[in-house]
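Undergrad: Have a look at this one.
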Amino acid sequence: MKQKIIIIGSLISLIAISCHPGEAITNKNDPSTCEGCHINKEALMKLAKTDDTGTSDGGGGG
Amino acid sequence: MVQLEPWEKVLIKISGRQVSYKDIDPVHASIGCTTCHGGIEPATFEMAHDSTFVRDPSKKPDQNCSPCHDELVSTNANSMHSKAWGERTSIAQRQLGEDKDHNDFESCPAELKDGFEKECASCHTTCGQCHVSRPNSVDGGFINNHKFNKRPSQENNCTACHGSRIGTDFNGEIEGNFEDIHNLRGMNCFDCHKEDFHEDAQYAKSRYHITDLPTCIDCHDKTENPKNAWHIFHWPEGGLTGELSCFVCHSQPYNNCDNCHTKGEWKEGLNDYKEYPEFRIGFNTDRGLHDGKWVVVRHIPISRDSYTPWGHDDLPNYDARATWEYSSPHNINKFTAQTDTTGGAGCSENCHVKGENADINQTRFLWKSFVDSAYSDEAAANARVIVNDNLPESWQKY
């Protein structure tokens, strides 16, 4: 019984992982994540002032 | 249109009870940023946007939009927006000959194909430039916080590209014009344009050859007002005297362009590139494609040496196509300078080239003398479009 639970549990975990291959890492206070930076207006404005390569040409096509 | 600030272009604005991008577009959020865009996460800014980072993943839709959107990706590869078949036809005909079309484009010299791919094709277009961001032609920027919009935004997508003609006309931005009546009534592009934008359009040698394009009579049937004398005389097909395209009576002056369209001249206004309002009635050379013996024509920015910035000599068959081409201005009004009957005058007094108004009314037509004087190098190209030989005998000639 215990083995069955472990196997079923492992299968469910595998399915869950394979269905969410790269879900966004979210942390509003962590600018090291994509979303943490792109939802942070102040961080983007600061970056735009100090760097004219990344943000200035971003967002063209999505 | 006004460009967004650099930071504004890439901001995903979280508002209200939203806590993350998942609350804006849960389906696409579940895929993860780096799955489509590459780069590294978590990372510093520089590392995150390393050499693997892709600004517009939909440049490679077979990799990034499939497998979820397989069918659309497959047909859209040959859609009118992706391939600009009409532009290919224009270039092929002016280079190779009148009997050619878009299917012959690949037989054009390498510099023409290369220039086309680098310049024209760069605007014609990716999935993301219609469904996520403003197009490259206006330097991008998220429209709706990177939410994938099934229906593109008229202002941020459609007229961002189709702005100098369609947008300007539709919004009534030319001095002295009114906005299009359909705009005034609150209609948008998709109320009329129900054609399949993603279809494989390789069958169509221009945008006017697309099936299911909107026509006026989709809504405005001839029986709508059976006693309308002007419609009885001038209905495009079956009018009693002169068969006119609807645009001849119901459009206002529209933007025309002069000179080159390559190497950014159209953006910078270089080499005498200019846009100007004009209204000219020309002879319809393709009744199978366009209704009416008479249509309105627009000057397009092509010259014999248009492609010299691409390293190409003069176009050898430049005269194969008119430079005053059929047009469908999006500035329709019931009453225009042609149909204005204020004071009891019949609309013929504003249009027919005879009697005391002949000198004024002749300015609405594409005469040989007008082309010869203003566009002397284009006389042969427009020989079939000019009106001289086809107007009534009783009218004055210019």
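Protein chains in written order, with numbering that gives the first Met the number 0: chain A, 0 to 61; chain B, 0 to 397. All C-beta atoms, glycine included, are put in the ideal place defined by N, C-alpha and C.
Figure out for me which residue from B:N254, B:N349, B:D103, B:K353 has the closest Cα to the Cα of S326 (chain B).
TA: Your numbering for residue 326 (chain B) matches position 327 in the second sequence. Nearest option by C-alpha distance: B:N254.
Undergrad: Per DSSP, R297 (chain B) forms a beta bridge with which residues?
TA: By one-based count along the second sequence, residue 297 (chain B) stands at place 298. For R297 (chain B), which the question treats as bridged, DSSP gives the partners B:E324.
Undergrad: Closest Cβ-Cβ distance between K40 (chain A) and chain B: below 8 Å?
TA: Translated into positions along the first sequence, residue 40 (chain A) becomes position 41. Yes, K40 (chain A) lies at the interface with chain B (some Cβ there is under 8 Å from its Cβ).
Undergrad: Are three or more beta carbon pairs between the region 343–350 of chain B and the region 128–135 of chain B nearer than 8 Å?
TA: These segments do not touch.
Undergrad: Which two residues bound the contiguous beta strand (DSSP E) that contains C67 (chain B)?
TA: Position 68 of the second sequence, counted from the first residue, corresponds to residue 67 (chain B). Note, C67 (chain B): premise wrong, no beta strand (DSSP E); not H, not E.
Undergrad: At a cut of 8 Å, does the region 104–118 of chain B reach the region 133–152 of chain B through at least three beta carbon pairs?
TA: At 8 Å Cβ cutoff, the stretches do not touch.
Undergrad: Does the region 201–215 of chain B come into contact with the region 78–93 of chain B, if we say contact requires no fewer than three beta-carbon pairs (one atom in each stretch) closer than 8 Å?
TA: Result yes; three or more Cβ-Cβ pairs closer than 8 Å.
Undergrad: Counting only C-beta atoms, is L71 (chain B) closer than 8 Å to chain A at any point?
TA: On the second sequence, residue 71 (chain B) is found 72 positions in, with the first residue counted as 1. No - not a single Cβ of chain A is within 8 Å of the one on L71 (chain B).
Undergrad: Return the first residue and the last residue of the alpha helix (DSSP H) that C188 (chain B) is part of.
TA: In the second sequence, counting from the first residue as 1, residue 188 (chain B) sits at position 189. 188–191 is the span of the alpha helix (DSSP H), which, as asked, contains C188 (chain B).
Undergrad: Taking the CB atoms as reference points, tell me whether W293 (chain B) and F282 (chain B) lie closer together than 8 Å.
TA: The residue given as residue 293 (chain B) occupies position 294 in the second sequence. The residue given as residue 282 (chain B) occupies position 283 in the second sequence. Taking 8 Å as the Cβ cut-off, W293 (chain B) and F282 (chain B) qualify as a contacting pair.
Undergrad: Measure the alpha-carbon distance for D313 (chain B) versus T32 (chain A) and round it to whole angstroms.
TA: Locating residue 313 (chain B) in the second sequence gives position 314, counting from the first residue. Locating residue 32 (chain A) in the first sequence gives position 33, counting from the first residue. Their Cα atoms are separated by approximately 53 Å.
Undergrad: If we count the other Cβ atoms within 10 Å of its Cβ and call it buried at 16 or more, is E40 (chain B) buried or exposed?
TA: For the purposes of this step, residue 40 (chain B) is taken as residue 41 along the second sequence, with counting starting at 1. Buried is the call here.
Undergrad: Should the region 7–26 of chain B be regarded as contacting the region 150–163 of chain B, the criterion being three or more beta carbon pairs within less than 8 Å?
TA: At 8 Å Cβ cutoff, the stretches do not touch.
Undergrad: Counting only the same chain and skipping the five closest in sequence on each side, list residues whose C-beta sits under 8 Å from that of V370 (chain B).
TA: Here residue 370 (chain B) refers to the residue found at position 371 of the second sequence. These residues qualify, in order along the chain: W323, E377, A378, N381, I385.
Undergrad: Between F246 (chain B) and V295 (chain B), how many whole angstroms is the CB-CB distance? I'm expecting something under 8 Å.
TA: The residue labelled residue 246 (chain B) in the question sits at position 247 within the second sequence. The residue labelled residue 295 (chain B) in the question sits at position 296 within the second sequence. Indeed, because the Cβ distance is near 5 Å, the residues count as touching under 8 Å.
Undergrad: Evaluate M186 (chain B) with the Cβ neighbour count: other Cβ atoms within 10 Å of its Cβ, from every protein chain shown; 16 or more gives buried, anything less gives exposed.
TA: The sequence position of residue 186 (chain B) within the second sequence is 187, counting from 1. The residue in question, M186 (chain B), is exposed, as its Cβ has fewer than 16 Cβ neighbours within 10 Å.
Undergrad: Examine chain B for any beta-carbon lying closer than 8 Å to the beta-carbon of G21 (chain A), and answer yes or no.
TA: The count along the first sequence starts at 1 and reaches residue 21 (chain A) at position 22. Note that G21 (chain A) has pLDDT 48, beneath the 50 cutoff, so the model's placement of it is unreliable and the number below is only indicative. By this cut-off, G21 (chain A) is an interface position.
Undergrad: Please report the distance separating the alpha-carbon of S121 (chain B) from that of K12 (chain B).
TA: On the second sequence, residue 121 (chain B) is found 122 positions in, with the first residue counted as 1. On the second sequence, residue 12 (chain B) is found 13 positions in, with the first residue counted as 1. Cα to Cα, S121 (chain B) sits roughly 28 Å from K12 (chain B).
Undergrad: Relative to the alpha-carbon of G162 (chain B), which residue among B:D339, B:F364, B:S65, B:V1 has its alpha-carbon at the smallest distance?
TA: Numbered from its first residue, the second sequence carries residue 162 (chain B) at position 163. Checked all of B:D339, B:F364, B:S65, B:V1; the closest Cα to G162 (chain B) is B:V1.
Undergrad: Compute the distance between the beta-carbons of G291 (chain B) and E242 (chain B), then report whether it is under 8 Å.
TA: By 1-based counting over the second sequence, the position of residue 291 (chain B) is 292. By 1-based counting over the second sequence, the position of residue 242 (chain B) is 243. Yes, they are a contact pair.
Undergrad: Helix, strand or coil, according to DSSP, for N255 (chain B) in the structure here?
TA: Position 256 of the second sequence holds residue 255 (chain B). DSSP places N255 (chain B) in strand when its eight states are reduced to three.
Undergrad: Between V9 (chain B) and F141 (chain B), how many whole angstroms is the CB-CB distance? I'm expecting something under 8 Å.
TA: Within the second sequence, numbered from 1, the residue matching residue 9 (chain B) stands at position 10. Within the second sequence, numbered from 1, the residue matching residue 141 (chain B) stands at position 142. Correct: roughly 7 Å between the Cβ atoms.
Undergrad: Assuming R164 (chain B) contacts F189 (chain B) under a Cβ cut-off of 8 Å, what Cβ separation, rounded to an integer in Å, is found between them?
TA: The count along the second sequence starts at 1 and reaches residue 164 (chain B) at position 165. The count along the second sequence starts at 1 and reaches residue 189 (chain B) at position 190. Not really, about 18 Å apart at Cβ, beyond 8 Å.
Undergrad: Might you give, ordered along the chain, the residues of its own chain that have their beta carbon closer than 7 Å to the beta carbon of V137 (chain B), omitting 5 neighbours on each side?
TA: In the second sequence, counting from the first residue as 1, residue 137 (chain B) sits at position 138. Once the five neighbours on either side are set aside, the close Cβ partners of V137 (chain B) are M0, Q2, A159.
Undergrad: Where does G15 (chain B) sit, in a helix, a strand or coil, going by DSSP?
TA: Sequence index remark: in the second sequence, residue 15 (chain B) carries index 16 (1-based). The answer is coil: DSSP assigns G15 (chain B) none of H, G, I, E or B.
Undergrad: Based on the DSSP secondary-structure assignment, which residues constitute the bridge partners of Y20 (chain B)?
TA: As a working mapping, residue 20 (chain B) is identified with position 21 in the second sequence. Note: Y20 (chain B) sits in no beta bridge, so no partner.
Undergrad: Determine the extent of the beta strand (DSSP E) in which K8 (chain B) is found, giving its start and end residues.
TA: For the purposes of this step, residue 8 (chain B) is taken as the residue at position 9 of the second sequence. Run containing K8 (chain B): none in the beta strand (DSSP E); it sits in the alpha helix (DSSP H), 5–8.
Undergrad: Mark L365 (chain B) as exposed unless 16 or more other C-beta atoms lie within 10 angstroms of its C-beta, in which case mark it buried.
TA: As a working note, residue 365 (chain B) is residue 366 in the second sequence. Counting Cβ neighbours within 10 Å, L365 (chain B) comes out buried, since at least 16 surround it.
Undergrad: Within 10 angstroms of its Cβ, does C126 (chain B) collect 16 or more other Cβ (buried), or is it exposed?
TA: Within the second sequence, numbered from 1, the residue matching residue 126 (chain B) stands at position 127. C126 (chain B) should be labelled buried.
Undergrad: For S250 (chain B), which beta-bridge partners are listed by DSSP?
TA: Position 251 of the second sequence, counted from the first residue, corresponds to residue 250 (chain B). DSSP output for S250 (chain B) lists B:I331 as bridge partner(s).
Undergrad: Are C248 (chain B) and H298 (chain B) close, meaning C-beta to C-beta below 8 Å?
TA: Position 249 of the second sequence, counting from 1, holds the residue named residue 248 (chain B). Position 299 of the second sequence, counting from 1, holds the residue named residue 298 (chain B). Cβ atoms of C248 (chain B) and H298 (chain B): not closer than 8 Å.
Undergrad: H329 (chain B) and D179 (chain B) look like a contact to me (Cβ under 8 Å); what is the Cβ gap, rounded to whole Å?
TA: As a first step, residue 329 (chain B) is located in the second sequence; it is residue number 330 there, counting from the start. As a first step, residue 179 (chain B) is located in the second sequence; it is residue number 180 there, counting from the start. Confirmed, about 6 Å.
Undergrad: Pull up the CB-CB distance for I209 (chain B) and E194 (chain B), whole angstroms please, since I reckon it's below 8 Å.
TA: As a working note, residue 209 (chain B) is residue 210 in the second sequence. As a working note, residue 194 (chain B) is residue 195 in the second sequence. Yes, they are in contact, since the Cβ atoms of I209 (chain B) and E194 (chain B) sit about 6 Å apart, within 8 Å.
Undergrad: Excluding sequence positions up to five away, which residues of its chain have a Cβ less than 8 Å from the Cβ of P213 (chain B)?
TA: Within the second sequence, the letter at position 214 stands for residue 213 (chain B). For P213 (chain B), where only same-chain residues beyond five positions count, the Cβ hits under 8 Å are C191, H192, K193, E194.
Undergrad: Among A:A42, A:I38, A:D29, which residue has its Cα nearest to the Cα of Y20 (chain B)?
TA: Taking the second sequence and counting its residues from 1, the one referred to as residue 20 (chain B) is at position 21. Looking at the Cα atoms, A:I38 is the closest of the given residues.
Undergrad: Excluding the 5 residues flanking Q92 (chain B) on each side, which residues of the same chain have their C-beta closer than 6 Å to its C-beta?
TA: Here residue 92 (chain B) is taken as the residue at index 93 of the second sequence, counted from 1. K99, A319, R320, listed in sequence order.
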